[in-house]
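Report on one structure; see the data block that follows.
Residue numbers (this note's numbering): 2 to 433.
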C-alpha cells in the first residue's frame, strides 16, 4: 500500500457549533420540544503505521455515535466513509488512494430518535500520498494567547516534536512570567500530539511603564516605540554610519570568509542553505538571499549588503534560483554532493530546512527595515508567500549562536546591525 506523508497543516473549521435536527421548530413527537444536541469537534486526528498499512485515528466525541469521513483529492470529492464509535476505536484503514494531494474532514453525528443531528463543526486535515516513506509529521497548531499582551504567532509543529519557546510578549505595567497550559506551567520540551493553546501569565510590575525590554545604547532611540514608528526609527539607526562594501570585497578574507567562518574548523566557511562546512578557498557563490531579480539592486548598495549575502554551493544556488520562499509539498530535494539537504523546491516555491527558516526570516525583516524600496515597489511577497509565514519561521527557528557571531562581525565590517537578531521581539512589535 502507498504510505502517507503529511505535509500541510491542520485547520479547524469552526462555524456555529450547533447540531440541529431536520425540524427544530414546530410540532414534534414529544409535544413540541425540539431535541438539540451540541457536540464537540473531533480532535487529535493522526495516522499510525501498522504492518505496512496506514490507519487513521481520532479522539471520540462525547454523545456522538457515528462519524462521517469525507475524502477529497485535489479539492474534488473522492469518497466517503461512514463509521460507528466501535469502528473509530479500532482505526480506519485508508486504502485505494493513489498518489496525489488529499484532504479529509471528520464530522461527528448523533442520532436522537428518528432524527440524525449532524455537527456543524468539523475537523479537517490535508495530506499527500507520494508512494514512499513512512507516515510523518501530522502538524498541530500551538496557539499563544498573550492574555492582553503583544501578539505571538501561532506555530505549526509536527506530531511528536516540541514547540519553540517564542519571544516573550510585552504588556504595559506587567512582567511576563511563563506560558500556561490548562493552568500549569508549560514545559517546551514536551512533545506536541494535539492542538494546544498556551496562555501567558503576568505579574504586575512596580513600574507601570515596564515593558520588560531593555535596549542597548545602539538602539536607545527606539525605546518605547512600536509599529511604524519603531520601523522608521530602526531604519534610521541601521542606515547611519554604514560602510558600504563592494561586491568583490565579499570574497576577500575580511568579507564572507570572516563573517561566515566555521567556528570549529579553521579555514572553513559555512554554506548557507544546508549549513555545510567547506574550505573557504574552494569555489562558492555569493548568494543574494533576497534575489537580485526580485529586488531593486544589482551588485552595489543593497546588492553588496553583507547582511543578506551568504556563501553557497554553486549547484545548490542554481536550483534555489529566485524562487519565492514558501511551503513545498512533494518537491525535489536540493542536495549537496555529500547528501545533505539544502531544502525542497518545485516550479514555484522553495522551502529551506527548518534550521535555516528563522535565519531567512530575519534577513528579510532586515531588508524591510533597511531599504525604503520594500515599502511599496518591492513588498515582502516578492520573496516569501506571506508575512504570516515569515513571522512563523522567525518564531519557530530562534536566533542561534552562529547568527549572533555573524551579526557582530557584520557590524565590524559594515557598521550596522540586524535588529531582529539582537532583539527578536522587534518583529512582533512592528508586524504583530
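Just so you know, even glycine gets a beta-carbon here, dropped at the ideal spot from N, CA and C.
Neighbour flag for residue i against chain B, beta carbons, 8 Å
{"i": "residue 340", "result": "Absent from the structure: chain B. Only one protein chain is present."}
Alpha-carbon spacing of residue i relative to residue j, whole angstroms
{"i": "residue 31", "j": "residue 206", "result": "In this prediction, residue 31 has a pLDDT of 36, which is less than 50 and means its spatial position is unreliable; what the coordinates show is noted afterwards. If I take the Cα positions, the gap works out to 59 Å."}
{"i": "residue 407", "j": "residue 345", "result": "25 Å"}
{"i": "residue 221", "j": "residue 44", "result": "47 Å"}
{"i": "residue 175", "j": "residue 395", "result": "25 Å"}
{"i": "residue 248", "j": "residue 281", "result": "17 Å"}
{"i": "residue 428", "j": "residue 339", "result": "36 Å"}
{"i": "residue 362", "j": "residue 316", "result": "23 Å"}
{"i": "residue 430", "j": "residue 42", "result": "34 Å"}
{"i": "residue 23", "j": "residue 60", "result": "Reliability fails at residue 23, whose pLDDT of 31 lies under 50, so the model's placement of it is uncertain and the value that follows must be treated cautiously. C-alpha separation (whole angstroms): 27 Å."}
{"i": "residue 296", "j": "residue 279", "result": "29 Å"}
{"i": "residue 40", "j": "residue 62", "result": "7 Å"}
{"i": "residue 268", "j": "residue 284", "result": "14 Å"}
{"i": "residue 89", "j": "residue 370", "result": "52 Å"}
{"i": "residue 227", "j": "residue 426", "result": "11 Å"}
{"i": "residue 402", "j": "residue 270", "result": "15 Å"}
{"i": "residue 229", "j": "residue 80", "result": "50 Å"}
{"i": "residue 224", "j": "residue 410", "result": "25 Å"}
{"i": "residue 306", "j": "residue 350", "result": "24 Å"}
{"i": "residue 255", "j": "residue 412", "result": "12 Å"}
{"i": "residue 433", "j": "residue 294", "result": "29 Å"}
{"i": "residue 203", "j": "residue 147", "result": "9 Å"}
{"i": "residue 192", "j": "residue 265", "result": "31 Å"}
{"i": "residue 96", "j": "residue 152", "result": "42 Å"}
{"i": "residue 218", "j": "residue 359", "result": "25 Å"}
{"i": "residue 258", "j": "residue 169", "result": "34 Å"}
{"i": "residue 333", "j": "residue 177", "result": "43 Å"}
{"i": "residue 352", "j": "residue 397", "result": "14 Å"}
Option nearest residue i by Cα separation, candidates the options
{"i": "residue 364", "options": "260, 77 and 290", "result": "290"}
{"i": "residue 414", "options": "252, 153, 298 and 175", "result": "252"}
{"i": "residue 200", "options": "186, 83 and 325", "result": "186"}
{"i": "residue 260", "options": "372, 156, 299 and 404", "result": "404"}
{"i": "residue 66", "options": "78, 47 and 87", "result": "87"}
{"i": "residue 390", "options": "310, 306, 156 and 309", "result": "156"}
{"i": "residue 57", "options": "71, 92, 278 and 424", "result": "92"}
{"i": "residue 357", "options": "422, 276 and 385", "result": "276"}
{"i": "residue 311", "options": "348, 250 and 266", "result": "250"}
{"i": "residue 366", "options": "95, 321 and 236", "result": "236"}
{"i": "residue 162", "options": "194, 183 and 348", "result": "194"}
{"i": "residue 145", "options": "334, 182 and 173", "result": "182"}
{"i": "residue 380", "options": "292, 343, 329 and 219", "result": "292"}
{"i": "residue 242", "options": "226, 417, 168 and 264", "result": "417"}
{"i": "residue 376", "options": "348, 263, 169 and 232", "result": "232"}
{"i": "residue 108", "options": "102, 82 and 96", "result": "82"}
{"i": "residue 343", "options": "298, 330, 273 and 299", "result": "273"}
{"i": "residue 329", "options": "348, 323, 322 and 142", "result": "348"}
{"i": "residue 239", "options": "368, 388, 332 and 168", "result": "368"}
{"i": "residue 188", "options": "103, 308 and 143", "result": "143"}
8 Å contact criterion, which residue i and residue j should meet: CB distance rounded
{"i": "residue 337", "j": "residue 314", "result": "6 Å"}
{"i": "residue 149", "j": "residue 171", "result": "Not really, about 10 Å apart at Cβ, beyond 8 Å."}
{"i": "residue 326", "j": "residue 385", "result": "4 Å"}
{"i": "residue 165", "j": "residue 420", "result": "With 8 Å as the limit, residue 165 and residue 420 do not qualify as a contact, their Cβ atoms being about 20 Å apart."}
{"i": "residue 154", "j": "residue 374", "result": "Wrong, their Cβ atoms sit about 26 Å apart, outside the cutoff."}
{"i": "residue 105", "j": "residue 72", "result": "5 Å"}
Proximal residues to residue i (C-beta, below 8 Å), its chain only, five neighbours per side dropped
{"i": "residue 302", "result": "245"}
Beta-carbon proximity list for residue i, same chain, < 6 Å, skipping 5 on both sides
{"i": "residue 318", "result": "286 and 288"}
{"i": "residue 85", "result": "67"}
{"i": "residue 210", "result": "Note that residue 210 scores 48 on pLDDT, short of 50, meaning its location in the model is unreliable and no value can be drawn from it."}
{"i": "residue 179", "result": "186 and 202"}
{"i": "residue 308", "result": "367, 411 and 419"}
Own chain partners of residue i with C-beta closer than 7 Å, once the 5 adjacent residues on each side are dropped
{"i": "residue 468", "result": "No answer is possible for residue 468: it lies beyond the span of the chain, which begins at 2 and ends at 433."}
{"i": "residue 69", "result": "81, 83, 108 and 110"}
{"i": "residue 383", "result": "295"}
{"i": "residue 234", "result": "222, 223 and 226"}
{"i": "residue 341", "result": "275 and 277"}
{"i": "residue 323", "result": "292, 294 and 295"}
* Asked: What are the start and end residues of each continuous alpha helix (DSSP H) run of 4 or more residues lying completely inside the region 285-337, in chain order?
  -> 315-321
* Asked: Enumerated in chain order, which unbroken segments of the alpha helix (DSSP H) with a length of 4 residues or greater are wholly contained in the region 165-246?
  -> 228-239
* Asked: Which ranges would you report for the beta strand (DSSP E) in the region 401-426 if only whole runs of at least 3 residues count?
  -> none
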